[in-house]
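Residue numbers (full-length UniProt numbering), protein chains in the order written: chain R, 1 to 220; chain E, 1 to 220.
Just so it is clear, CB atoms sit at the ideal spot from N, CA and C, and this is done for glycine as well.
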């Protein structure tokens, strides 16, 4: 089986899948899609994903190619196909909790601050995009802080990383990019620090990806 | 086990869970949360869900109460707890496809047209909210039409309803509310019609919920 990930260094959705792959110790080929150069709208990428987004995980097996899209669907597939180490707890209540925490970010927070949404806001009302992003990220993180706090261990759920952490870490990175004060989220910051100490989280970080520009050429 | 669903007749996220419960033949108590009256922001509901949203599925079992939130996490829990009839196909590629279709709506489309987003747009630029909603719904449905077409049977995936259909049907209802022309989505319309013929889809429809106002008092 060959795994090929279409990714962009700073895409938080692609980052989640890099985390899943890294936590499960799976090797993959990295294929950069330059979102700034609008490569996601080119025919080659649209054929991979009609939503014109990353990530896309291309899986080659037995002479067939499968294209998997949507971070949550890809991570659930990874979990079913490569169950160890598990990114979902064994008990059903715990699984529901971890998936809900991930969805607080996946559908509840990140979509409101994605690149297309922000560009449309900015073009209509100059400057409004950053204010908007901060509002929705703060709202999402406040709910997440409450939800994570009740039941967190060293990580969002217990003492090993789960899907919930794969969604939390990129969202906190985005919060910092938008200049949000993270003081009100002590549990999230603590979990973020625990994650940052682990090798798979270090390997999946945007700055470590092949398409990351040199530090002096990165926008804030 | 007692199931209690906090819902609002027109919430598309709550509707998805009503569909899951109905398709699995599970009885539940219906508890209305009046989103128009802002009941979701009251302390009683925030204690159930810090995101101040419906649905919340309250499960009482063995003297304990569990609160499940986020439509996707609830539906995955239902699938694991009550596997029959299955809302996910048995093969891993099919499961990834169905989850991706559901996520096209869950994180890729619906968040951009939810009530809070539209209210903020409307307050800043009067009238812009409907234009915005139509843009994002059309974008999401165009991608979904392509993704569903390749592999649809009578329903979005094969010849039995899946999670994908639980997301599709409420999204098409929203599209109609915003006056979108559905002509460009023949596969989605065909699947929608197949769903509408089934008793569980009829039972879960907003108009059939206890908190639906009488027909002459419904806003378009």
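| Check | Outcome |
| --- | --- |
| Nearest-angstrom Cβ-Cβ length linking residue 107(R) and residue 55(R), presumed shorter than 8 Å | Actually they are not in contact, since the Cβ atoms of residue 107(R) and residue 55(R) sit about 16 Å apart, beyond 8 Å. |
| For residue 4(R) and residue 48(R), believed in contact at Cβ under 8 Å, the rounded distance | At roughly 10 Å, the Cβ-Cβ gap does not stay under 8 Å, so residue 48(R) and residue 4(R) are not in contact. |
| Simplified DSSP state of residue 217(R), which is helix, strand or coil | helix |
| Residue ranges of each alpha helix (DSSP H) within the stretch 134-192 of chain E, 4 or longer | 163-177 |
| Cross-strand partners of residue 7(R) (DSSP beta bridge) | 32(R) |
| Short Cβ contact (7 Å threshold) for residue 14(R) with residue 50(E) | no |
| is_contact[residue 36(R), chain E] using C-beta, thresh 7 Å | no |
| For residue 220(E), the nearest candidate out of 203(E), 176(E), 183(E) (CA to CA) | 176(E) |
| Cβ neighbours of residue 154(R) in the same chain (closer than 6 Å, five flanking residues each side left out) | 194 |
| Contact belief for residue 87(R) with residue 75(R) at Cβ below 8 Å, rounded distance in angstroms | 7 Å |
| Chain R within 7 Å of residue 92(E), Cβ atoms only | yes |
| Environment of residue 16(E) [buried if 16+ CB atoms lie within 10 Å] | buried |
| Interface flag, residue 1(E) vs chain R, CB-CB below 7 Å | no |
| Beta strand (DSSP E) runs wholly inside the stretch 4-89 of chain E, at least 3 long, in chain order | 29-32, 56-61, 64-69 |
| Neighbour flag for residue 148(E) against chain R, beta carbons, 7 Å | no |
| Near-chain E residues of the stretch 79-106 of chain R (beta-carbon distance less than 9 Å), N- to C-terminal order | 80, 81, 92, 93, 95, 96, 97, 98, 99, 100, 101, 102, 103, 104, 106 |
| Within-7 Å CB hit, residue 75(E) to chain R | no |
| Length of the line joining the Cα atoms of residue 46(E) and residue 52(E) | 5 Å |
| With 16 other Cβ atoms within 10 Å as the buried cut-off, status of residue 109(E) | buried |
| Partner residues on chain R for residue 66(E), Cβ-Cβ distance less than 7 Å | 93 |
| Beta carbon proximity, residue 70(E) to chain R, threshold 7 Å | yes |
| Short-range partners of chain R found in the stretch 113-127 of chain E, where Cβ spacing is below 8 Å | 117, 120, 124, 125 |
| With 16 other Cβ atoms within 10 Å as the buried cut-off, status of residue 41(E) | exposed |
| Residue 60(R) vs residue 2(R) beta-carbon contact at 7 Å | yes |
| Residue 138(R) at chain E interface by Cβ criterion, 7 Å | no |
| Cβ distance (whole Å) where residue 72(R) is taken to contact residue 103(E) below 8 Å | 5 Å |
| 6 Å Cβ shell around residue 122(E) - same chain, five flanking residues per side excluded | 129 |
| Distance between beta carbons of residue 136(E) and residue 171(E), contact taken as under 8 Å | Incorrect: roughly 11 Å between the Cβ atoms, too far for contact. |
| Min CB distance residue 143(E) to chain R below 7 Å | yes |
| Beta-bridge partners of residue 2(R), as assigned by DSSP | 60(R) |
| Where residue 125(E) sits in the DSSP three-state scheme | coil |
| N-terminal and C-terminal residue of the alpha helix (DSSP H) that residue 221(R) is part of | There is simply no residue 221(R) to check, as chain R begins at 1 and stops at 220 in what is shown. |
| Span separating the alpha-carbon of residue 174(R) from that of residue 208(E) | 41 Å |
| Burial state of residue 22(R), where buried means 16 or more other Cβ atoms lie within 10 Å | buried |
| Minimum Cβ-Cβ distance from residue 63(R) to chain E less than 7 Å | no |
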